[in-house]
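Chemist: Pasting in a structure now, in structure tokens, and then I'll have a few things to ask.
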Amino acid sequence: MTVLTDFSGEPRESRPAAHDHDQIHVPRPVIWLTLALILFTIAAVSIGRIYDIGLTREGALAETRAVSFRFRAPPIGETPIAIVATRADGSSVVLAKENEETFPRLILRSFSNIRMREGVDPDTPIQLIETADGQRLLVDPATHRTMRLAAFGPENQEMFDPVFESSPEKGPAI
């Protein structure tokens with residue numbers, strides 16, 4: 001037994017509070033229902049994974065055009081320079097003029113930053129692919145990243161179309 005003193009200076013005996021937490025009682029039905037819920041969740045997820053229920057899978061995209069090109073983009077925060085896409089045949093096209101903030105600049109700058117972080121040579125080409133359903137994809141084989149440009153709207157994905165205006169090279173289906 002511990003003896004405490006209160007503000008009056010007189011000693012008093014300490015007693016456990018009425019809400020003492022060392023005697024928590026959880027009813028058995030609550031424990032069993034919680035366990036049943038956990039087991040049901042594990043079973044449902046397992047069955048879904050085994051039988052592909054609720055999973056979305058895409059087959060190979062039917063590629064209609066593809067072109068490889070190199071580009072140079074300064075890191076985010078530096079002065080925007082012109083972004084020029086240079087195709088494998090040596091021809092080039094300007095995707096963004098100097099000091100012009102356009103969709104291609106933002107996308108290619110993000111690819112450039114990822115490449116810089118992963119130590120990829122900036123002269124390694126990336127691919128622009130158009131699929132049979134009209135989607136355009138930017139594929140970086142060096143970093144294994146694919147960006148679906150359709151997610152940003154039709155106007156933005158069409159801003160990359162000048163890169164196709166050369167002899168397209170046929171690549172493998174993704």
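Residue 1 is where the sequence shown starts when you use the working numbering, and the numbers rise one by one after that.
Glycine is no exception: its CB is placed at the ideal position from the N, C-alpha and C atoms.
So, helix, strand or coil for Q127, using DSSP?
Modeler: Three-state result, Q127: strand.
Chemist: Residues in the same chain with beta-carbon distance under 6 Å from P80, minus the five sequence neighbours each way, listed in chain order, please.
Modeler: These residues qualify, in order along the chain: N99.
Chemist: My output table needs one value for V30: the three-state DSSP class, helix, strand or coil.
Modeler: V30: helix per DSSP, three-state reduction.
Chemist: Could you pull the DSSP bridge partners for R109 from this structure?
Modeler: Its beta-bridge partners do not exist; DSSP assigns none.
Chemist: If you draw a straight line from the alpha carbon of A73 to that of D123, how long is it in whole angstroms?
Modeler: Going by the C-alpha atoms only, they are around 11 Å apart.
Chemist: Could you say which of G90, P29, I114, Q135 lies nearest to T64 if we only look at CA atoms?
Modeler: The option with the nearest alpha carbon to T64 is Q135.
Chemist: Assuming A62 and A150 are in contact, meaning their beta carbons sit under 8 Å apart, how far apart are those beta carbons, in whole angstroms?
Modeler: 15 Å between Cβ atoms; not a contact.
Chemist: From the DSSP output, which residues share a beta bridge with F69?
Modeler: Answer is R87, I126.
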